[in-house]
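Just so we're on the same page, my numbering is the position in the sequence shown counted from 1, plus 9.
The beta-carbon is built from N, C-alpha and C at its ideal position, and this holds for glycine as well.
Right, one structure below, let's go through it.
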Amino acid sequence: MRRIYLDNAATTPLLPEVKDFICRSIEVFGNPSSPHRVGEEARELLELARENVASLLGVSPPEIIFNSCATEGNNSVFISLSFTGRRGNVVISSIEHKSVSAVARELGRNGIVVREAIVNREGVVELEHLESLIDGDTLLVSVMSVSNEFGTVQPVREIAKLCREKGTPLHTDAVQAVGKVKLSLEGVGYATFSGHKFHAPKGVGFMYIKEGIFFKPLLVGGGQEFGYRSGTENLHGILAMAKALELIYEDFEKNTERLRHMRDTFERLLEERVPGVRIVGKHAKRNPSISAVIFPGKTGWEIVESLSQEGLFCSSGSACSSGEVIPNEHLLKMGYSEEEATRMVRFSFGLLNNEEEVYEAVERVARVL
Ligand SMILES: Cc1ncc(COP(=O)(O)O)c(C=O)c1O
């Protein structure tokens with residue numbers, strides 16, 4: 010049976026060009042910090058990668074800090090706050106990824122209060138509520154660019170404007186936005202990224218840290234990455250990540266159109282074949298590659314397991330503990346019932362999927378239901 014992978018929001022396969030590129034660049038082994046010629050060769054490539062990433066995002070090269078992944082980036086941004094010695098609050102949306110919400114809560118131990126902005130039924134943060142939470146003691150506002158669960162695009166531009174007016178730094182977890190929606194870092198203080206979400210290898214990511222903004226590193230030592238992230242850089246990973254980003258941006262319109270077409274076809278066919286399905290955020294602005302579907306009759310967990318046996322790989326919106334399905338806490342916060350919050354399945358499309366797989370995927374879903 011042909012395997013169909015529709016879990017690209019969890020991780021993506023490498024693009025073939027990125028694979029080739031890794032094979033070609035693997036010979037470069039120098040440590041970018043070494044002062045001799047071998048190190049210099051590695052350093053030149055590293056800085057070229059930084060320039061490319063910066064230019065694609067419209068920022069300056071020293072504002073790009075390479076690291077291991079978005080979890081590290083998100084933790085670094087929040088833990089940096091604890092070095093300010095200030096007490097106060099942080100404002101996050103109620104649907105942030107755990108690498109944001111968990112570390113925000115950790116700060117609670119240091120007397121920093123976490124305030125959560127309401128997200129509506131469509132999966133979009135309520136601007137007015139968010140604004141009402143920001144005050145003179147707000148150390149940071151953090152709202153993801155795109156929801157990893159529902160694909161909904163958050164109003165980061167408007168939030169950036171608000172934060173500018175109030176003089177509050179803004180962080181955005183941009184993991185699910187890369188190559189899918191036009192990203193603007195204007196007014197953003199910190200942004201975090203993970204390579205494996207956009208067809209680059211795992212174990213490599215980067216942070217955007219706006220020049221001049223407060224930042225204390227999590228990792229100290231050799232002073233790599235302008236002193237913002239010590240540790241020898243993952244050179245091959247970084248080069249491959251910069252290559253993947255370049256390829257994705259080269260054909261941005263074409264790629265996003267393909268993804269949108271696959272997602273829309275999938276949802277249209279699914280609605281025809283499986284009466285009663287509901288798509289979360291259908292009327293909101295969405296990343297073109299994610300489809301969060303609430304099914305009638307079965308839990309998301311059961312569906313994902315059955316689909317896995319049918320060779321279709323996707324993700325359940327809820328966890329399972331000791332045989333019991335735990336409702337998706339974000340759906341609950343958005344106003345869905347407990348039952349609905351156990352019935353979500355996320356299908357996410359990537360650049361290596363094709364239309365034929367979309368048709369076949371709907372057939373398999375219809376079969377297991
Ligand atoms: C929105 C978002 N933020 C952060 C992360 C964490 O990324 P990583 O596991 O690569 O650190 C993910 C991964 O699923 C994500 O979707």
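Buried or exposed (CB count within 10 angstroms, at least 16 for buried), residue i
i: Phe304; result: buried
i: Ala183; result: buried
i: Arg59; result: buried
i: Gln233; result: buried
i: Gly221; result: exposed
i: Ala200; result: buried
i: Arg355; result: buried
i: Glu105; result: buried
i: Gln318; result: exposed
i: Lys191; result: exposed
i: His45; result: exposed
i: Leu54; result: buried
i: Val165; result: buried
i: Gly117; result: exposed
i: Cys172; result: buried
Identity of the residues DSSP links to residue i by a beta bridge
i: Ile379; result: Shown here, the chain extends from 10 to 378; a query on residue 379 therefore has no answer.
i: Leu6; result: Here the chain covers residues 10 to 378 and nothing more, so residue 6 does not appear.
i: Phe356; result: Ser300
i: Arg295; result: Thr161
i: Ser330; result: Glu333
i: Arg124; result: Val100
i: Ile288; result: Val302
Reference residue i, options the options, closest by Cα
i: Lys189; options: Ala18, Arg376, Glu369; result: Ala18
i: Asn264; options: Leu360, Gly160, Glu333, Gln163; result: Leu360
i: Lys342; options: Val152, Ala186, Leu278, Glu131; result: Glu131
i: Phe137; options: Val100, Ser110, Ala301, Ala113; result: Inspection of the sequence shows that residue 137 is occupied by Glu rather than by Phe. Of the listed residues, the one whose Cα sits closest to Glu137 is Val100.
i: Tyr14; options: Val313, Leu254, Glu347; result: Val313
i: Glu349; options: Ala301, Glu365, Lys175, Ser317; result: Ala301
i: Glu365; options: Arg267, Gly212, Leu148; result: Arg267
i: Gly290; options: Met10, Met353, Leu57; result: Met353
i: Ala251; options: Arg11, Leu23, Val128; result: Leu23
i: Leu90; options: Gly120, Pro70, Ile104; result: Gly120
i: Ala328; options: Gly309, Arg287, Gly246, Pro226; result: Gly309
i: Pro41; options: Glu50, Arg33, Ser34; result: Glu50
i: Ser85; options: Pro297, Ser108, Pro71; result: Ser108
i: Thr177; options: Lys211, Lys191, Phe223; result: Phe223
i: Ser9; options: Phe202, Asn129, Val122; result: One cannot answer for residue 9 here, as it falls past the ends of the chain, which runs 10 to 378.
i: Tyr258; options: Ala186, Arg373, Asn83; result: Ala186
i: Ser110; options: His180, Ile299, Lys211; result: His180
i: Asn83; options: Val112, Glu347, Ser103; result: Val112
i: Leu378; options: Arg282, Ile299, Met216; result: Arg282
i: Gly332; options: Glu347, Glu311, Leu316; result: Glu311
i: Lys206; options: Gly236, Ala253, Leu116; result: Ala253
i: Pro284; options: Glu262, Ala375, Leu171, Leu227; result: Ala375
i: Ala148; options: Val128, Val122, Asn129; result: Going by the sequence as given, residue 148 is Leu instead of Ala. Nearest C-alpha to Leu148: Val122.
i: Gly198; options: Lys211, Val152, Ala209; result: Val152
i: Ile168; options: Phe38, Ser193, Leu65; result: Ser193
i: Asn362; options: Met271, Thr351, Gly344, Ser315; result: Met271
i: Val286; options: Arg12, Leu256, Val371; result: Val371
i: Pro210; options: Arg11, Asp29, Ala126, Cys172; result: Asp29
i: Lys307; options: Val334, Asn157, Ser298, Gly204; result: Val334
Chain C within 8 Å of residue i, Cβ atoms only
i: Arg355; result: The chain labelled as chain C is not found in the depicted structure, where only one protein chain is given.
Segments assigned beta strand (DSSP E), at least 3 residues, entirely inside the segment 47 to 111: 73 to 76, 97 to 102
Runs of alpha helix (DSSP H) wholly within the segment 132 to 201 (minimum 4 residues, chain order): 136 to 142, 165 to 175
Touching by the beta-carbon criterion (3+ pairs, under 8 Å), the segment 308 to 328 and the segment 13 to 28: yes
Cβ contact check for the segment 237 to 246 and the segment 87 to 101: 3 or more pairs under 8 Å: no
Stretch pair the segment 159 to 170 + the segment 291 to 300: three plus CB contacts closer than 8 Å: yes
Inter-stretch contact (C-beta, 8 Å, three-pair minimum) for the segment 65 to 78 and the segment 266 to 286: no
Completely contained beta strand (DSSP E) runs for the segment 207 to 266, where each covers 3 or more residues: 214 to 218
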